[in-house]
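Numbering (the working numbering), first residue to last: 917 to 1315. Heads up, the beta-carbon is just placed ideally off N, CA and C, and yes, glycines get one too. In what follows, a single structure is set out as structure tokens and then discussed.
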Ligand SMILES: *[C@@H]1O[C@H](CO)[C@@H](O)[C@H](O)[C@H]1NC(C)=O
Ligand SMILES: *[C@@H]1O[C@H](CO)[C@@H](O)[C@H](O)[C@H]1NC(C)=O
Ligand SMILES: *[C@@H]1O[C@H](CO)[C@@H](O)[C@H](O)[C@H]1NC(C)=O
Ligand SMILES: *[C@@H]1O[C@H](CO)[C@@H](O)[C@H](O)[C@H]1NC(C)=O
Ligand SMILES: *[C@@H]1O[C@H](CO)[C@@H](O)[C@H](O)[C@H]1NC(C)=O
């Protein structure tokens, strides 16, 4: 497996590219806060806790930022990164509040939910923030479980992009014993064990038989990985074709089922398009596919085959694993199927030319799918259930 080193290097190179890939929204909290050095600690921890991408992917949001002095009070508590995430997620409100809007609150106060409230970590009514507009223009923020701690005060507006994102400075970190409660670290993901337990044992066995490839998947678990694992039936049916591949071909095929970035079910739905994979090399963007939302179903389309996601096996930032109903075949290793036009009396044209098609996408090839509408809608119902389950909590493992 002399290939392993270049492949690893390639996948590490891709990480840098992948970090910028998932989000195509208008705002970038990291970039906005970078213009305010007195918020560098807050900014750093938004990235370290992965809340920055959470903020970027939301469309109507308010961030309550505290300056470096305020952050040092929080850091002095020596909370774990997971607990810090809960505390900081309390400072991200799921609504747009300009400073003007806060100074005109009807009835003087309002209750806003925070990202912590919807995270699945917040018991009862914790995670709700009471915002009060006092006389003489003072606006305060306090959690429902502040327990006598004084409220934080609005200092100034840092940036407002109506009605997408508002960034406001507040005087101190919001106090919430519930958010500061220790969080049990999630058990580290053992990929092959997880896959084997969830109907992808055959695929897990292929990975176990290729330790160098498995290592690349595992290296990416810490920084962001999405795996599309074909069901046991699909791998079994594919067996003869797999055996036919060279050692390099086998490695590429396995790596083709991993994407070096985290795509939650929500992100997959909203980021339809071109995905590079662990098999993609840095020189040219080969070994890619497109992900599309098709009603309730999400499909993964290579030039050769279209697979449908049948369930979410894991959604635990920064990793996601989805079961798919077919082995993904890259055009770099397999022939693009000829398009069969059932009733068009085609002028006996040269469809077979597509088998050796160039790198450009061709709509005709994109249609070459052996999915029936029936299996798509069945998968759709499946997926809806899986999505509902994953939406119930931002961070869950479907066991
Ligand atoms: C707000 O977000 C929408 C959706 O991403 C985008 O089209 C729009 O340009 C954004 N507005 C601004 C002012 O950036
Ligand atoms: C946001 O901005 C930072 C700093 O400019 C940059 O490193 C990062 O890649 C950007 N993220 C996205 C998703 O564009
Ligand atoms: C928010 O807190 C203030 C002060 O404690 C209280 O008067 C107000 O009723 C609260 N607002 C809401 C909407 O509960
Ligand atoms: C995953 O579990 C298997 C079986 O228990 C073990 O052999 C393997 O070393 C584990 N892998 C990692 C990366 O911990
Ligand atoms: C295996 O490769 C040979 C030679 O390229 C080809 O003729 C045969 O059809 C292939 N078998 C399968 C199952 O793909």
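- Integer-rounded CB distance, given that residue 1057 should sit under 8 Å from residue 980: 6 Å
- Kindly say whether residue 977, judged by its beta-carbon, lies nearer than 9 Å to any beta-carbon of chain C. Within the model displayed, chain C is absent; a lone protein chain is all it includes.
- Message: Please list the terminal residues of the continuous alpha helix (DSSP H) segment that includes residue 958.
- Response: 956-964
- Length of the line joining the Cα atoms of residue 1164 and residue 952: 49 Å
- Closer than 5 Å to ligand 4: residues, by C-beta to nearest heavy atom, in chain order: 1106, 1109
- Does the beta carbon of residue 1132 fall short of 8 Å from some heavy atom of ligand 1? no
- Task: Report the residue ranges of all beta strand (DSSP E) runs contained in full by the stretch 1099-1167; include only those spanning at least 3 residues, in chain order.
- Result: 1141-1146
- Contact set for residue 1077: own chain, Cβ-Cβ below 8 Å, skip 5 residues either direction: 942, 943
- Query: Can residue 957 be considered in contact with ligand 2, in the sense that its beta carbon sits closer than 8 Å to one or more heavy atoms?
  - Reply: no
- Query: Should residue 997 be labelled buried (16 or more other beta-carbon atoms within 10 Å of its own) or exposed?
  - Reply: exposed
- Task: Please determine, among 1172, 1205, 1199, the residue with the shortest C-alpha to C-alpha distance to residue 1187.
- Result: 1205
- Task: Work out the CA separation of residue 1011 and residue 948 for me, nearest whole Å.
- Result: 18 Å
- Query: Should residue 1027 be labelled buried (16 or more other beta-carbon atoms within 10 Å of its own) or exposed?
  - Reply: exposed
- Query: Hey, residue 1021 and residue 1048: beta-carbon distance below 9 Å or not?
  - Reply: yes
- Any idea if residue 1190 is buried or exposed, counting beta-carbon neighbours within 10 angstroms, 16 or more meaning buried? exposed
- Reducing DSSP to helix, strand and coil, say where residue 1221 ends up. coil
- Message: Please report the straight-line C-alpha distance between residue 1276 and residue 965, rounded to a whole angstrom.
- Response: Its pLDDT being 36, under 50, residue 1276 is placed unreliably by the model, and the measurement read from it follows with that caveat. Cα-Cα distance, rounded: 39 Å.
- Coil, strand or helix - residue 919 by DSSP: Residue placement at residue 919 is poorly supported in this model, since its pLDDT is 40, which falls under 50; the coordinates are not used for a value here.
- Could you tell me whether the stretch 1100-1114 touches the stretch 966-976, using the rule of 3 or more Cβ pairs below 8 Å? no
- In terms of DSSP beta bridges, what is residue 1038 paired with? Beta-bridge pairing links residue 1038 to no other residue.
- Item | residue 1054, DSSP secondary structure in three states | coil
- Message: What does the alpha-carbon distance come out to for the pair residue 1321 and residue 1115?
- Response: There is simply no residue 1321 to check, as the chain begins at 917 and stops at 1315 in what is shown.
- Message: Could you compute how far the alpha carbon of residue 1122 sits from the alpha carbon of residue 1170?
- Response: 8 Å
- Task: Assign residue 993 to one of three DSSP states: helix, strand, or coil.
- Result: coil
- Query: Could you give the distance in angstroms between the alpha-carbon of residue 1067 and the alpha-carbon of residue 1060?
  - Reply: 11 Å
- Task: Identify whether residue 1064 lies in helix, strand or coil by the three-state DSSP scheme.
- Result: coil
- Item | CA-to-CA distance, residue 1071 to residue 1144, given in whole angstroms | 46 Å
- Message: For ligand 1, is there any heavy atom lying closer than 8 Å to the beta carbon of residue 942?
- Response: yes
- Who's in the neighbourhood of ligand 3, going by beta-carbon under 7 Å from any heavy atom, listed in chain order? 1025, 1026, 1027, 1046, 1048, 1058
- Task: Pull up the distance between the alpha-carbon of residue 1094 and that of residue 1112, whole angstroms please.
- Result: 36 Å
- Message: Determine whether the beta carbon atoms of residue 1087 and residue 1069 lie at a separation below 9 Å.
- Response: yes
- 4-residue-minimum alpha helix (DSSP H) runs that sit fully inside the stretch 1188-1258, ordered along the chain: none
- Message: How far does the alpha helix (DSSP H) with residue 946 in it extend, from its first residue to its last?
- Response: 945-950
- Task: Take the Cβ of residue 1222 as the centre, count every other Cβ of all protein chains shown within 10 Å, and call the residue buried at 16 or more, exposed below.
- Result: buried
- Validate contact between the stretch 1193-1201 and the stretch 1174-1184 using beta carbons, cut 8 Å, 3 pairs: yes
- Message: Do residue 982 and residue 995 have their beta-carbon atoms positioned less than 9 Å apart in this structure?
- Response: no
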